[in-house]
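Chemist: To start, I am sharing the structure in question, which I have written as structure tokens.
There are 2 protein chains.
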Amino acid sequence: MIRIAVDAMGGDVGPAVTLPASLAFLEGHPDASVVLVGRPEVLAAHPLHARLQSHDRCQIVAASEIVTMDDPIEIALRRKKNSSMRVAMNQVKDGVAQAAVSAGNTGALMAIARYVLKTMDGIDRPAIATQLPNAAGGATTVLDLGANVDCTEDHLLQFAVMGSALVASITNNPAPSVGLLNIGEEAIKGSEVIKKAGELLRSASNSGDLNFYGNVEGNDIFKGTTDIVVCDGFVGNVALKASEGLASMIGGFIKAEFSRNIFTKLAAIVAYPVLTAFKNRVDHRRYNGAALLGLQGLVFKSHGSADAFAFERALNRAYDAARNNLLERVRERIAHAAPLLVAARVAPVTEGVAAVSSMPVDSTASTAAH
Amino acid sequence: MIRIAVDAMGGDVGPAVTLPASLAFLEGHPDASVVLVGRPEVLAAHPLHARLQSHDRCQIVAASEIVTMDDPIEIALRRKKNSSMRVAMNQVKDGVAQAAVSAGNTGALMAIARYVLKTMDGIDRPAIATQLPNAAGGATTVLDLGANVDCTEDHLLQFAVMGSALVASITNNPAPSVGLLNIGEEAIKGSEVIKKAGELLRSASNSGDLNFYGNVEGNDIFKGTTDIVVCDGFVGNVALKASEGLASMIGGFIKAEFSRNIFTKLAAIVAYPVLTAFKNRVDHRRYNGAALLGLQGLVFKSHGSADAFAFERALNRAYDAARNNLLERVRERIAHAAPLLVAARVAPVTEGVAAVSSMPVDSTASTAAH
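Protein chains in written order, with UniProt numbering: chain D, 1 to 370; chain V, 1 to 370.
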């Protein structure tokens, strides 16, 4: 039995999304159970509450507070110790659940996860990893997506190792390929950190810790050149959000062109099945559920604006990760790569070391190079 | 008369693109003339050569060498002193032409432009600026797109000032809005450099040097939240290429869905006018022609894979910039903002100063924080 702790209050919507998604998830997974964490009076007001309360694979756990989408990290972490997010995380820490899922405030979720679960040995900073669809018909796993700005090469190696464990656990491909996100122009190729990271990743590839492809560029994410793309959180976040913005603009243009006049509207009716197939293919909801990697427990982040379909996908991801022992796989790979990670730390770059386990998520800058 | 120097050999294709584009450009602009620079025997082999040679607004200038797409900067700069790229640039330096356009190797173009034309007073590093379509129906100007990695806040301010001059010269909006590209999560908001750049941009806004909107995120580029988005070259390059990759993937999916079977192919015929209108709307060729800003001369970079339609757009942009006195506008704005730029330089951040006028395009890292 895989048990998932659900922050039922998290996200822009809360129980109106998390409750139907949890019920659908339970129906789709006969060997799964759910711990719903939230304010009892709010949960009780939802029409599905009675059904979930009497469900033999659902348990409801009370939490008196809610972390809002714009709560500063300090408030979420220090003042709201009985938040649904925190109590859900405690379920994982106490071994009651194998994974926690929340659609709440990312910064708060990362900080609480770090505080409650702690990072794994050998990991300075947890990373956020998500999947994006690619033209090769699969998905590209990209990390980090915003938990860390100003990464050192050491961090990028950790991301590569953790990303490999994630993809290996989902796809059963034991050696997924890793690309290092860089820019393409000759001689203006990347910063010093990226250059050093490239060397580290090559060493890791030579010692069998990962399957390093080499540098990739922004377009390779959607081409599907590699299974995994590694980058610092600032770059990853911008690339992800720019892509969301572009997809939304293109969707809007398609809609506008088909609604222009009576003829285009008729064309839309004829093209409807094709447009629907296309829409399903690029539906970002299918890719909902980012993994917080590097913690001593599984945590998945749903998009704040997820609907029930999207939130259920995040629950599925958490379930798959727990079932495929993602935690153990990450631990093993990190342990195996430990000599490289240690070597990276005794190298001249020291800022990364100073940042170890400092709380909350910090913004230690990259090294000055030349 | 506006005269444009064209590197006729540059790009993946060379004269087969640059010659038809130049002719079309001349036909569309009765007050423009063109200086075509290239290897005489190669140009002579093109069917349009005779027409261009006898054109009263076209002059052909010989250059014996070609900078290839993968020539290292050193080779392009030091060994190929008679390249078509370099000779085209010399036309601008010598005052023969008001702008140069090349579809060649970006790194080489930037290095040659810096070497031949020099940077303006007050500018440490030139930037590459391009326009991207946005959902608001206009275009967002984004810079830098890859000329500079590891920027300081001082550089970001320079980019903002130069970008404002560019947009003001194209749109006749004297105070285009500027957004600073950042990531959205509370407390993990950006690096130290971004935070400092935000302060600098606010000061510049208060002193009337630019119209600073505040931080924006990746999706704001395509939303059209601001007229200009400023970022370091690494981030800008990744965002641009990721967007290109996504657009290409979506285009491929649409094509695949409409070619699936006889019914979807019929739907494609019915929807053809709508699909064509949509395609025109997102046609990246319309946005071809990036400006190299901060040099003592106008230089525009065409995409290497541009076709004649796209290359003509780049020529149009160069023409518009020359006609609207972009150079003088950038110079004036930089001069006006000089006190702020000087103030930024005497601030603790010193790496930016060390980089002034170093050649070729360097990768001086950002400052270590804490």
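Every residue gets a Cβ at the ideal spot worked out from N, C-alpha and C, and that includes glycine.
Hey, Leu327 (chain V) and Asp209 (chain V): beta-carbon distance below 9 Å or not?
Modeler: For Leu327 (chain V) and Asp209 (chain V), no; Cβs fall outside 9 Å.
Chemist: Starting from Gly38 (chain V), follow its DSSP beta bridges and name the residues at the other end.
Modeler: Paired residue(s): V:Ala62.
Chemist: Could you list which residues in chain D have their beta carbon closer than 9 Å to that of Val274 (chain V), in chain order?
Modeler: Those are Ile254, Glu257, Phe258, Arg260, Phe263, Thr264, Ala267, Ala268, Ala271, listed as they occur along chain D.
Chemist: Can you tell me whether Leu266 (chain D) is buried or exposed? The criterion is at least 16 other CB atoms within 10 Å of its CB, across all chains shown.
Modeler: Its Cβ having fewer than 16 others within 10 Å, Leu266 (chain D) is exposed.
Chemist: Any contact between the stretch 215-226 of chain D and the stretch 133-141 of chain D? By contact I mean 3 or more CB pairs, one from each, below 8 Å.
Modeler: Output reads yes: the stretch 133-141 of chain D touches the stretch 215-226 of chain D.
Chemist: Can you have a look at Ile250 (chain V) and say buried or exposed, based on whether 16 or more other CB atoms are within 10 angstroms of its CB?
Modeler: Buried, since its Cβ has 16 or more Cβ neighbours within 10 Å.
Chemist: My output table needs one value for Ile123 (chain V): the three-state DSSP class, helix, strand or coil.
Modeler: Three-state result, Ile123 (chain V): coil.
Chemist: With a 10 Å radius around its C-beta and 16 neighbouring C-beta atoms as the bar for buried, classify Asp94 (chain V) as buried or exposed.
Modeler: That one is exposed.
Chemist: Could you compute how far the alpha carbon of Asn324 (chain D) sits from the alpha carbon of Ser169 (chain D)?
Modeler: Computed Cα separation, rounded: 6 Å.
Chemist: Determine whether the beta carbon atoms of Gly10 (chain V) and Val61 (chain V) lie at a separation below 9 Å.
Modeler: Against a cut-off of 9 Å, the Cβ pair of Val61 (chain V) and Gly10 (chain V) comes out as no contact.
Chemist: Chain V partners of Ile250 (chain D), CB-CB under 8 Å?
Modeler: Ala247, Ile250, Val282, listed in chain order.
Chemist: If you run the structure through DSSP and keep just helix, strand and coil, what is Gly245 (chain V)?
Modeler: Residue state, collapsed to three classes: helix.
Chemist: In the structure shown, what three-state DSSP assignment does Leu205 (chain V) receive?
Modeler: One point to set straight first is that residue 205 (chain V) is Ser, not Leu, in the sequence displayed. Reduced to three states, the DSSP call for Ser205 (chain V) is helix.
Chemist: Within this structure, are the beta carbons of Gln296 (chain D) and Thr152 (chain D) separated by less than 9 Å?
Modeler: Not in contact: Gln296 (chain D) and Thr152 (chain D) (Cβ atoms no closer than 9 Å).
Chemist: With three or more C-beta pairs closer than 8 Å as the rule, is the stretch 67-86 of chain V touching the stretch 100-113 of chain V?
Modeler: In short, these stretches touch, since the Cβ pair count reaches three.
Chemist: Do we get a CB-CB distance below 9 Å when we pair Ser191 (chain D) with the residues of chain V?
Modeler: Cβ-Cβ to chain V under 9 Å: yes for Ser191 (chain D).
Chemist: What is the DSSP secondary structure of Ser191 (chain V), counted as helix, strand or coil?
Modeler: In this structure, Ser191 (chain V) counts as coil in the three-state DSSP scheme.
Chemist: State whether the stretch 24-31 of chain D contacts the stretch 305-317 of chain D, with contact taken as three or more CB pairs (one from each stretch) at a distance under 8 Å.
Modeler: Judged by Cβ distances under 8 Å, the stretch 24-31 of chain D makes contact with the stretch 305-317 of chain D, as three or more pairs qualify.
Chemist: Which of helix, strand or coil does DSSP assign to Thr141 (chain V)?
Modeler: Of the three classes helix, strand and coil, the one that applies to Thr141 (chain V) here is strand, per DSSP.
Chemist: For Leu210 (chain D), which beta-bridge partners are listed by DSSP?
Modeler: Answer by DSSP bridge pairing: none, since Leu210 (chain D) is not bridged.
Chemist: Compile a chain-ordered list of the residues in the stretch 37-57 of chain D whose CB is closer than 9 Å to at least one CB of chain V.
Modeler: From the stretch 37-57 of chain D, no residue has a Cβ closer than 9 Å to chain V.
Chemist: Are the C-beta of Leu181 (chain D) and some C-beta of chain V separated by less than 9 Å?
Modeler: Yes, Leu181 (chain D) lies at the interface with chain V (some Cβ there is under 9 Å from its Cβ).
Chemist: Using a 10 Å radius around the Cβ and a threshold of 16 neighbouring Cβ atoms, would you call Ala50 (chain D) buried or exposed?
Modeler: Exposed: under 16 other Cβ atoms inside 10 Å.
Chemist: If you drop the 5 nearest sequence neighbours on each side, which residues of the same chain put their C-beta closer than 7 Å to that of Ser259 (chain V)?
Modeler: Correct list, in chain order: Lys265.
Chemist: Label Lys80 (chain V) either buried or exposed according to how many other C-beta atoms from any shown protein chain fall within 10 Å of its C-beta, with 16 as the threshold for buried.
Modeler: With 16 or more Cβ atoms within 10 Å of its Cβ, Lys80 (chain V) is classed as buried.
Chemist: Going by DSSP in three states, Val167 (chain D) sits in which element: helix, strand or coil?
Modeler: If DSSP states are grouped into helix, strand and coil, Val167 (chain D) belongs with the helices.
Chemist: At a CB-CB cut-off below 8 Å, which residues of chain D make contact with Gly218 (chain V)?
Modeler: Those are Asn237, Val238, Ala239, Leu240, Lys241, Ala242, Ser243, Glu244, Gly245, listed as they occur along chain D.
Chemist: Does at least one heavy atom of the ligand ZN sit under 8 Å from the Cβ of Ala271 (chain D)?
Modeler: Looking for the ligand ZN in the displayed structure turns up nothing, as the structure carries no ligands at all.
Chemist: For Phe263 (chain D), does the count of other Cβ atoms within 10 angstroms reach 16, so buried, or fall short, so exposed?
Modeler: Flag for Phe263 (chain D) reads exposed.
Chemist: Between Lys223 (chain D) and chain B, is the shortest Cβ-Cβ distance under 9 Å, so that the two count as touching?
Modeler: Among the protein chains of the structure shown, namely D and V, there is no chain B.
Chemist: In the structure shown, what three-state DSSP assignment does Asn172 (chain D) receive?
Modeler: Coil at Asn172 (chain D), not helix or strand.
Chemist: Can you list, in chain order, the residues of its chain whose CB lies under 6 Å from that of Pro360 (chain V), leaving out five sequence neighbours each side?
Modeler: Note that Pro360 (chain V) scores a pLDDT of 33, beneath 50, so its modelled location is shaky; the value from the coordinates is reported in the next line. Counting only Cβ-Cβ distances below 6 Å, and skipping sequence neighbours, we find Ile73, Ala111.
Chemist: Kindly list, in the order they appear in chain V, the residues whose Cβ is closer than 7 Å to that of Ala277 (chain D).
Modeler: Within chain V, the residues near Ala277 (chain D) are Glu257.
Chemist: Out of curiosity, what's the CA-to-CA distance linking Ala63 (chain D) and Val92 (chain D)?
Modeler: Cα to Cα, the separation comes out at about 15 Å.
Chemist: My assumption, with CB atoms under 8 Å, is that Ala308 (chain D) sits in contact with Pro30 (chain D). Please give the rounded CB distance.
Modeler: Going by Cβ atoms, the distance from Ala308 (chain D) to Pro30 (chain D) rounds to 20 Å, so no, they are not a contact pair.
Chemist: Compare the C-beta of Asn134 (chain V) against all C-beta atoms of chain D and say whether one is closer than 9 Å.
Modeler: So yes, Asn134 (chain V) belongs to the interface.
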